[in-house]
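In what follows, a single structure is set out as structure tokens and then discussed.
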Amino acid sequence: MKVLILCHSFNSLTQRIFVELKKDHQVSVEFDINEAVTESAVNIYNPQVIIAPFLKRKIPPSIWRNYPTLIIHPGIPGDKGPSSLDWAIMNEEKTWGVTILQANDEYDSDDIWDFETFDLPPNIRKSTLYRKQITEAAIRCLKTTLLGLEKGERPISPEEIKGTYHPPMKQIDRAIDWEQDSTDQIIRKLNASDSRPGVLDTLENISVYLYHGIKEEKLTGKVKEVLGTKDDAICLGTKDGAVWITHLKQKGELTLKLPATDILPISKEVATTFSEIKYKQIGEIGYLYFDFYNGAMSTDQCTRLLREYQNALTHKTKVLVLMGGEDFWSNGIHLHKIENAPSPAEESWENINAMNDLVEAIINTTDRLTISAMRGNAGAGGVFLALATDYILAYQGVVLNPHYKSMGNLFGSEYWTYLLPRRIGKFRAKEITDRKQPMGVSEALHLGLIDQTFSATDEIQDFAFNLSFDETYPKKLQYKQQGLNEDQLKRPLKKYREEELEKMRLNFFGFDPSYHVARYNFTYDVPHSRTPKHLAVHRGLNYEGEF
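So the number in this note's numbering is just where the residue sits in the sequence shown, counting from 1, plus 138.
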């Protein structure tokens with residue numbers, strides 16, 4: 139079928155829909171910028187079906203009356219309102235779901251094509267729920283719905299379903315009562331407000347939005363007192379314990395969400411149960427976890443991770459598994475930190491060099507085998523960080539973006555000009571980096587970009603265990619060492635780095651401001667003025683979309 143994805147941004151759900159549906163359908167994307175642009179896209183493409191993930195405004199009647207238009211609602215049948223996930227988390231719902239609706243006159247009261255419910259995990263963040271349970275259920279429901287459309291089936295009228303309208307959740311609903319709320323209640327409010335809009339509060343006489351709360355297991359102190367700092371997060375006392383806040387955003391029209399200590403410059407390092415980076419060992423297998431918010435890796439985080447990686451190498455292991463974070467593997471350099479720096483160009487340079495140091499250390503690890511276990515999405519330098527290891531495993535629902543150019547024609551580094559062709563060849567490497575489109579794990583597996591998919595964490599452990607006890611382990615290690623030596627003789631690693639950084643220097647310090655403009659637009663959520671031409675394939679080759 140000819141499918142048009144109509145969306146406000148190309149977020150994680152939209153990308154997953156794109157990679158899943160393009161396996162069996164002809165898919166194009168249009169950003170819902172305004173009514174005229176949307177109508178133009180529909181007229182040009184003439185789709186058989188339009189898919190609209192989580193709209194912010196009603197679809198014009200001129201569209202839904204003439205084309206089957208499917209809305210993905212993040213709620214159970216009958217649920218209505220724009221804050222569905224927020225209320226589901228705040229109300230501690232036990233069961234939640236996704237509903238596929240066909241657009242009509244009444245918002246969120248459209249005919250139902252399909253729905254799926256699931257157990258709502260306790261203490262889950264809204265962004266995690268959106269990327270995982272909601273996305274997985276939405277994909278299954280969409281596939282069922284498209285099959286129904288192809289067979290000529292019709293949606294079900296919602297008349298017999300008792301609807302519940304939830305009004306938009308306001309800051310008064312999210313507000314923390316520090317004297318009365320328990321740590322668990324505070325975290326629940328933060329979870330319900332995760333990603334957007336955050337919880338508005340006042341810290342050190344500054345109005346800020348709070349994000350990402352993590353329970354502290356040891357520290358206690360006065361309510362709302364800053365008890366300590368670690369990994370750029372701050373620990374605040376509660377009536378029954380303490381909570382870590384990893385990110386803040388100052389209230390105002392033009393502000394950035396940043397690590398907490400960038401907004402509150404407090405340094406009070408403490409020993410604590412909280413840490414972004416953790417290492418554990420089971421037998422002769424080491425597991426290195428690095429759970430960075432939204433997968434962004436600042437200069438300091440890269441340096442700390444390199445230090446912990448080097449420390450992991452001092453332990454006697456045969457296999458070292460890089461686990462990344464549960465939500466994201468890695469998305470490369472930290473664009474928000476860079477944007478906030480006194481000199482974004484200089485900070486970009488420092489950040490990419492810190493990433494390169496980390497990747498280089500992994501490539502040069504020849505005394506054991508290494509694995510990247512990608513439990514979450516990865517983009518740009520984060521993908522190439524994974525390619526530095528010997529084996530790459532990816533969760534079945536992961537979406538990869540193995541390219542840089544959509545960020546203002548950024549060339550990229552992290553030794554990608556060595557690692558990517560080594561995996562998939564020069565021709566395919568150029569093809570996917572120029573294409574600038576997301577990739578699902580089935581395509582990545584077919585290309586040889588990854589080695590295996592998994593659906594449960596146990597499968598990672600099984601793979602590592604079997605590798606460590608493989609009778610050919612010594613030969614694998616020898617082959618790895620020989621291969622790196624041969625590659626170095628042909629062209630030293632430092633040459634790849636030098637040539638990549640030469641181009642990156644032009645991106646950062648040259649006359650073309652494209653990278654700086656794209657980074658600004660990304661970090662400040664500047665609305666798109668056009669759909670990027672690599673997504674709007676219906677617009678044709680001569681379309682001058684955003685680069």
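Backbone N, C-alpha and C fix where the C-beta goes; we use that ideal spot for every residue, glycine too.
Per-residue burial, residue i [other beta carbons within 10 Å of its own, 16 or more giving buried]
i: GLY519; result: buried
i: THR527; result: buried
i: ASP319; result: buried
i: VAL408; result: exposed
i: GLN575; result: buried
i: TYR303; result: exposed
i: VAL655; result: exposed
i: ALA380; result: buried
i: ILE344; result: exposed
i: PHE647; result: exposed
Three-state class that DSSP yields for residue i in the structure shown
i: VAL381; result: strand
i: LEU392; result: coil
i: TRP251; result: strand
i: HIS654; result: helix
i: ILE314; result: coil
i: ASP109; result: This structure cannot speak to residue 109, because the chain is shown only from 139 to 685.
i: ILE598; result: helix
i: ILE272; result: helix
i: ASP322; result: helix
i: PHE685; result: Low per-residue confidence applies at PHE685: pLDDT is 41, beneath 50, and the placement is therefore not dependable enough to give any value.
i: VAL364; result: strand
i: ASN515; result: strand
i: HIS350; result: strand
i: THR266; result: helix
i: GLU230; result: coil
i: GLU288; result: helix
i: GLN164; result: strand
i: GLN616; result: helix
i: TYR674; result: As written in the sequence, residue 674 is Ala, which differs from the Tyr given in the question. ALA674: coil per DSSP, three-state reduction.
i: LYS387; result: strand
i: VAL408; result: coil
Residue i versus residue j - alpha carbon distance
i: ILE415; j: GLN388; result: 26 Å
i: GLY216; j: PRO305; result: 14 Å
i: LYS160; j: SER221; result: 30 Å
i: TYR347; j: HIS584; result: 43 Å
i: ALA499; j: ASN491; result: 12 Å
i: LEU473; j: ILE299; result: 45 Å
i: ASN149; j: LEU627; result: 42 Å
i: PHE685; j: PHE660; result: For PHE685, the predicted structure reports a pLDDT of 41, less than 50, and the residue's modelled location is therefore unreliable. The matter cannot be settled from this model.
i: HIS350; j: THR376; result: 16 Å
i: LEU144; j: LYS196; result: 12 Å
i: SER333; j: LYS395; result: 9 Å
i: PRO191; j: ILE210; result: 5 Å
i: LEU341; j: GLY424; result: 39 Å
i: GLY535; j: ALA594; result: 11 Å
i: ALA241; j: TYR268; result: 21 Å
i: ASN494; j: THR266; result: 29 Å
i: LYS618; j: SER606; result: 15 Å
i: PHE592; j: GLY514; result: 12 Å
Where the beta strand (DSSP E) containing residue i begins and where it ends
i: GLY235; result: 233-240
i: GLY375; result: 371-376
i: LYS416; result: 415-420
i: GLN534; result: That residue, GLN534, is in no beta strand (DSSP E); it is neither H nor E in DSSP.
i: GLY424; result: 423-428
Range of the contiguous alpha helix (DSSP H) that encloses residue i
i: LYS356; result: Element bounds for LYS356: n/a, residue is neither H nor E.
i: ASP339; result: ASP339 -> not in any alpha helix (DSSP H); beta strand (DSSP E) instead, spanning 337-341.
i: PRO199; result: 199-202
i: TYR634; result: 631-647
i: TYR183; result: 173-183
i: PHE565; result: 564-573
i: VAL497; result: 482-501
i: LEU444; result: 437-450
i: ILE476; result: 473-478
i: PHE156; result: 150-159
i: SER580; result: 579-585
i: THR399; result: 398-401
Nearest-angstrom beta carbon gap, residue j and residue i [assumed within contact, 8 Å]
i: GLY463; j: ASP429; result: 4 Å
i: ILE577; j: PRO540; result: The identity of residue 577 in the sequence shown is Met, whereas the question assumes Ile. MET577 to PRO540, Cβ: 6 Å. Contact.
i: LEU496; j: MET512; result: No, LEU496 and MET512 are not in contact; Cβ-Cβ is about 16 Å, not under 8 Å.
i: SER468; j: GLY433; result: 5 Å
i: GLU168; j: LEU142; result: 6 Å
i: MET228; j: VAL187; result: Contact doesn't hold; Cβ gap of about 34 Å is too wide.
i: LEU328; j: THR410; result: About 18 Å; that fails the 8 Å criterion.
i: LEU548; j: TYR542; result: 4 Å
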